[in-house]
């Protein structure tokens, strides 16, 4: 607890009198906030535990004047000082939001303060943003503080949940509540109790969440705020570790005076494998180096490894762990050691491009097989791929026909097409169900890195571009090889692989979706910078605003977007995208088409009105002609009436009436 007794500038505090650590944390945070001309609080995303943080933060700031905004609103907000709500979103499982929020906050406010949180800087995105930030960053436990202190202006204080008033919920309670998490942060090795209730995800309100905890005597959990709330409500608490150090560190730093104990002692990390198996005497030298990258998917990676090992082709397997979580990396390392497979661990996520370049340092064979960790070679596939390159020495590489898990074809190679400054990579056979109906084995324009055999010499001549770290490195490499050397690629219909593919990113308007999308767009910008061409793969799906209602693409706007990304970077582009600052650019063609449509509609409406006016004018002319005829007839009648014969007729009418009976008798 010594770290708790520090001033807000990190200097030790004299301890002549016992100081309440929660009150000390309150003073330190408020002192750091100071008295700014304006204060903005950014509410975080999350569950009932995050709602508890928010209520504790409101209690902390009860005497301050401030405004609250949602995370998405921050992109358009401005001011002097901003507070980012604390929590656990600077960790490996949930790092998509808060690191980006920290970067954007620095673009919108003069001062940024991150309220007490836990941090796992082994995650590249977290470490990178902390190393760049000028913000004051509060850790809520000593382990996070130790890890981030070399990176940023770090402070140590209690989680804001400690400022919440739990008085009305305190009571004895009875029975046991098992409240273990069921999301991405849960430890894979933990078996859930049959009566488990992940109340942070299931409770509809904070009050019901608190009432559930209050109703029990013993609470068992791996959620930090269930542990904190239960301890402060006087419950017996047993906690299990989550996917990183958070719970153990909070318990040690802030709950040592409460009845909180771990469920099981921490497990020891096994030794990492570093060397491949020794080749037996008389065994042929390998012709193929199979490169498999993995990040947090050890089970899938082992299936990929075994699919290569079962081949009759003499090969070596090189596995690169791209900064997985320690537990996942250890499982994969032990399994590689058991199989005699070379294992290399990177403490940084190098991306697909960087990871494959790292693996190539150990590849000394004539051919290199790139195999995704979520793909498996079918029996005999590697033999067929190798035979294809042996029979076609002019070919640079060959791809397997890749099947999806549902039996449909993902691709059997593809072509490269360039038109209007856009490079497209259409896939051969995509979506079809029967590989036998594909064209026979033969040429292809490019080979995807899912399951492709490449000549090692071509990788030396054309190194993989590490600037394509996020994605599309295989598209860029194939385009460069084809454009520079005229190198040919081939596809094998018979050599097959299964790809257990799950979509990683998709279009969306929310904070997380656009944060992920802008990273992929940055890879598009890297391609554009190198080649002066738009990479059509995924570009107009990530930014549907670049299409008009008819589906036509606004290529000029797409190029301007690439220029903005290169000039301003991903954080600025994301911020402007979220606050509508790119609407004129991204929606320009859509608005133009809409204006043209409105113009057409108005023209058609004017034509209809003109036709109606013409019909009315014709009707009026006809009525005027008829009126003239009637007027002439009227004048004629007047002349008749005023003439002598008409006057004589009036005098003879009485005589005609007298003669009428005589006419009837004569006629009878």
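In this note's numbering, the protein residues as written are 28 to 695. Glycine included, C-beta positions come from ideal geometry on N, C-alpha and C. From a predicted model like this one, the values you see are computed outputs, not experimental measurements.
Own chain residues within Cβ distance below 8 Å of residue i, not counting five before or after
i	result
residue 385	347, 371, 373, 377
residue 541	535, 601, 604, 605
residue 214	249, 267, 268, 269, 270, 354
residue 254	246, 248, 264, 266, 274, 277, 278, 282, 287
residue 597	545, 546, 548, 549
Sheet register partners of residue i (DSSP bridge)
i	result
residue 436	430
residue 321	348
residue 481	395, 424
residue 236	DSSP, once it has assigned bridges, lists no residue as partnering residue 236.
residue 518	426, 469
residue 189	Answer is none; residue 189 lacks a bridge partner.
residue 342	315
residue 66	108
residue 221	Answer is none; residue 221 lacks a bridge partner.
residue 265	247, 288
residue 139	109
Three-state class that DSSP yields for residue i in the structure shown
i	result
residue 581	coil
residue 442	coil
residue 37	Low confidence applies to residue 37: its pLDDT is 46, below 50, so where it sits in the model is not reliable, and the reading given next is rough at best. Residue 37 falls in the coil class under three-state DSSP.
residue 121	coil
residue 468	coil
residue 392	coil
residue 489	coil
residue 22	This structure gives no information on residue 22, because the portion of the chain shown stretches from 28 to 695.
residue 417	helix
residue 507	helix
residue 95	strand
residue 144	strand
residue 180	strand
residue 205	strand
residue 46	coil
residue 452	coil
residue 243	coil
residue 106	strand
residue 526	strand
residue 156	helix
residue 403	strand
Sequence-distant residues of the same chain with beta carbon closer than 6 Å to residue i, five excluded per side
i	result
residue 449	561, 563
residue 190	83, 86, 87
residue 47	none
residue 212	120, 269, 270
residue 481	395, 424
residue 454	438, 441
residue 180	163
residue 297	In this prediction, residue 297 has a pLDDT of 40, which is less than 50 and means its spatial position is unreliable; what the coordinates show is noted afterwards. Closer than 6 Å at Cβ, skipping near neighbours: 357, 361.
residue 324	400
Proximity winner among the options, relative to residue i (alpha-carbon distances)
i	options	result
residue 89	53, 77, 106	53
residue 707	250, 139, 658	With the chain covering 28 to 695 only, the question about residue 707 has no answer from this structure.
residue 350	478, 321, 343, 365	321
residue 188	328, 465, 435, 258	258
residue 521	434, 583, 426	426
residue 144	358, 589, 116	116
residue 49	282, 388, 455	282
residue 355	342, 329, 335, 365	329
residue 316	335, 323, 326, 324	335
residue 55	166, 97, 135	166
residue 69	81, 59, 60, 639	81
residue 122	136, 134, 146, 110	146
residue 108	114, 156, 204, 57	57
residue 432	327, 493, 525, 576	525
residue 250	263, 205, 262, 551	205
residue 420	261, 507, 231, 515	515
residue 494	456, 558, 403	558
residue 470	443, 209, 574, 148	443
Close beta carbons around residue i, own chain, < 7 Å, minus the five adjacent residues each side
i	result
residue 202	243, 244
residue 383	318, 320, 397, 491
residue 95	68, 70
(Q) Taking contact to mean 3 or more Cβ pairs, one atom from each stretch, closer than 8 Å, check whether the segment 193–205 and the segment 142–154 are in contact. (A) no
Validate contact between the segment 508–517 and the segment 564–579 using beta carbons, cut 8 Å, 3 pairs:
no
**Three CB pairs or more closer than 8 Å across the segment 385–397 and the segment 461–480** = yes
**Prompt:** Between the segment 269–283 and the segment 156–173, do three or more beta carbon pairs fall short of 8 Å?
**Reply:** yes
*asked:* If contact is defined by three or more beta carbon pairs under 8 Å, each pair taking one atom from either stretch, is the segment 597–611 in contact with the segment 97–112?
replied: yes
Item to complete: Would you check if there are 3 or more beta carbon pairs closer than 8 Å linking the segment 227–247 to the segment 59–76?
Response: yes
Three Cβ pairs or more, each shorter than 8 Å: is that satisfied between the segment 429–439 and the segment 454–466?
yes
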